[in-house]
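In my numbering, the protein residues as written are 5 to 490.
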């Protein structure tokens with residue numbers, strides 16, 4: 005039994021078995037890059053930047069972004085090596101299957117539901133805030149009962165709010181689910197359009213705001229440490245910069261989404277490494293530029309709002325015309341993040357079902373659209389339900405844990421495979437792997453250690469559900485060793 009649980013998979017061709025025609029290979033290097041940018045630019049640049057500056061790092065949030073980019077870069081390099089070795093749509097799950105064994109691969113794959121599915125619900129919930137703000141400017145006011153979740157997170161417990169459900173979040177998720185159902189070419193084209201629009205809008209904000217930067221707001225660049233009166237740490241200082249890095253790290257979540265569309269790339273070995281690294285570099289530059297402008301337009305202490313970009317613009321009446329641009333840009337940015345997550349999650353389910361760990365229904369491909377249509381419907385429905393009912397902060401807790409655990413597995417897996425299978429051809433190799441891979445693991449573990457007890461409790465519950473599914477179904481139907489079981 006123990007040997008079966010930790011059996012490693014070496015032949016990944018069987019994971020591509022599907023019920024129906026194969027997925028259509030339509031994505032080139034720039035299409036993959038657009039997916040990575042689409043997954044990253046959203047909540048991070050429109051919300052997290054201001055909150056990290058106001059609550060933790062001050063103007064030194066730029067250093068926080070650099071530290072987070074370095075940590076993400078370690079992981080991105082590891083994803084690139086794996087993507088050229090195992091160019092199929094399993095991402096961290098497939099990489100763990102090749103290096104850590106089936107049980108841990110299931111654990112990683114199950115946590116990727118948090119990274120892609122539940123994170124999309126969190127982004128959809130935040131999409132509602134910008135949508136209602138835009139409607140308010142036009143004199144249209146939706147009732148709170150239809151824009152707020154019926155549950156709120158308060159003092160480590162869920163309490164009823166009296167609201168019905170988050171209607172705008174449900175609407176945007178279902179609309180984008182239909183787009184993903186129709187086909188990867190159509191959804192990828194829409195994503196590329198949204199990426200071009202929101203990047204253009206961000207550049208416009210940076211260029212327009214640059215003229216009004218007051219460098220006095222950047223002094224002191226690293227504010228003096230302020231201890232918490234209740235003894236719960238404090239804020240600012242260099243410790244605040246590190247805590248800010250932990251917060252803005254999640255603005256980089258999404259670059260690894262490129263590895264989930266390997267089976268739809270024209271040349272996976274070339275396109276995946278290019279798309280992953282270029283999307284990470286582009287987003288890092290945009291994050292730094294936006295952070296510099298925001299902290300130069302207004303005091304960092306005033307940026308801790310749900311719309312920090314709008315807050316900064318309001319401080320300069322000359323930039324009033326930018327408010328509508330920002331609202332539209334935020335809606336486009338958040339929409340593209342939801343779209344990419346809905347593209348990614350069904351393909352994780354599909355590859356796990358191809359291995360026998362989930363029922364065969366998850367491998368079915370639509371005969372006309374050539375997409376995992378049943379998977380897409382299941383994913384979209386689940387995301388919509390979560391976004392309708394649960395509050396943003398609770399969804400974010402689960403997302404953070406799942407993502408970091410997956411990153412640890414990928415960084416460790418590169419070294420393991422270097423040792424166990426050194427003969428495999430690697431079109432991309434992590435430079436100085438014995439330094440970069442452990443550094444990536446260490447960065448992720450440090451961030452995991454900052455999580456509170458509630459995060460770990462939620463993770464234990466989620467893990468228990470996943471293990472029940474694995475031992476109840478996956479173990480006995482695994483294609484890797486099912487013939488050996490009684």
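Glycine included, each C-beta is placed from N, C-alpha and C at the ideal position.
- Of the residues assessed, residue 34 falls on the exposed side of the cut-off, its CB having fewer than 16 other CB atoms within 10 angstroms.
- For residue 377, the enclosing alpha helix (DSSP H) has its first and last residue at 377-393.
- With a threshold of 16 other beta carbon atoms within 10 Å, residue 207 falls short and is exposed.
- Proximity to residue 171 across 184, 133, 251 and 421 peaks at 133, based on C-alpha coordinates.
- For residue 106, the enclosing alpha helix (DSSP H) has its first and last residue at 106-117.
- Beta-bridge partners of residue 211 (DSSP): none assigned.
- Counting along the chain, residue 315 sits inside the alpha helix (DSSP H) bounded by residues 312-318.
- Using a Cβ distance threshold of 8 Å, residue 425 and residue 106 do not count as a contacting pair.
- A residue is called buried when at least 16 other Cβ atoms come within 10 angstroms of its Cβ; residue 223 does not meet this threshold and is exposed.
- In terms of Cβ geometry, residue 50 and residue 292 do not form a close pair [threshold 8 Å].
- By the 16-neighbour rule on beta-carbons within 10 angstroms, residue 141 is exposed.
- Where residue 348 is concerned, the enclosing alpha helix (DSSP H) starts and stops at 326-358.
- Judged by DSSP in its simplified three-state form, residue 368 adopts strand.
- DSSP places residue 155 within a strand segment (E or B) once states are collapsed to three.
- Assigned with DSSP and collapsed to three states, residue 412 falls in helix.
- Exclusion of the five residues before and after residue 168 leaves 149, 150 and 154 as the residues of its chain whose Cβ lies within less than 7 Å of its Cβ.
- In this structure, the CA atom of residue 316 is about 20 Å from the CA atom of residue 139.
- Taken through DSSP and simplified to helix, strand or coil, residue 436 comes out as coil.
- In this structure, the straight-line span from the alpha carbon of residue 100 to that of residue 260 is close to 14 Å.
- Distances from the alpha-carbon of residue 137 to those of 276, 330 and 255 put 330 closest.
- DSSP, reduced to helix, strand and coil, places residue 296 within a helical segment of the structure shown.
- For residue 463, the uninterrupted alpha helix (DSSP H) run begins and ends at 457-473, by DSSP.
- In the three-state scheme derived from DSSP, where H, G and I count as helix and E and B as strand, residue 164 is classed as strand.
- By alpha-carbon distance to residue 111, the top candidate from 284, 253 and 468 is 468.
- Non-local C-beta neighbours of residue 127 in its own chain, meaning closer than 8 Å and more than five positions away in sequence, comprise 46, 47, 338, 341, 342 and 345, ordered along the chain.
- Each residue's CA atom was taken as its position, placing residue 418 and residue 436 some 12 Å apart.
- Excluding the 5 residues flanking it on each side, residue 380 has same chain C-beta neighbours closer than 8 Å at 181, 184, 185, 346 and 350, in chain order.
- For residue 479, the closest of 356, 407 and 388 by C-alpha to C-alpha distance is 356.
- Counting C-beta atoms within 10 angstroms of its own C-beta, residue 372 has fewer than 16 neighbours from the protein chains shown and is therefore classed as exposed.
- A check of alpha carbon separations from residue 444 across 332, 313 and 71 identifies 71 as the nearest.
- Classified as buried, residue 66 has 16 or more neighbouring CB atoms from the shown chains inside 10 Å of its CB.
- Around the beta carbon of residue 200, a 10 Å sphere encloses fewer than 16 other beta carbons of the protein chains shown; the residue is thus reported as exposed.
- Boundaries of the alpha helix (DSSP H) around residue 135: 123-141.
- In the displayed model, residue 427 falls within coil according to three-state DSSP, outside both helix and strand.
- When C-alpha distances from residue 253 are compared across 241, 225 and 288, the shortest belongs to 288.
- One Cα belongs to residue 364, the other to residue 382, and the distance between them is close to 14 Å.
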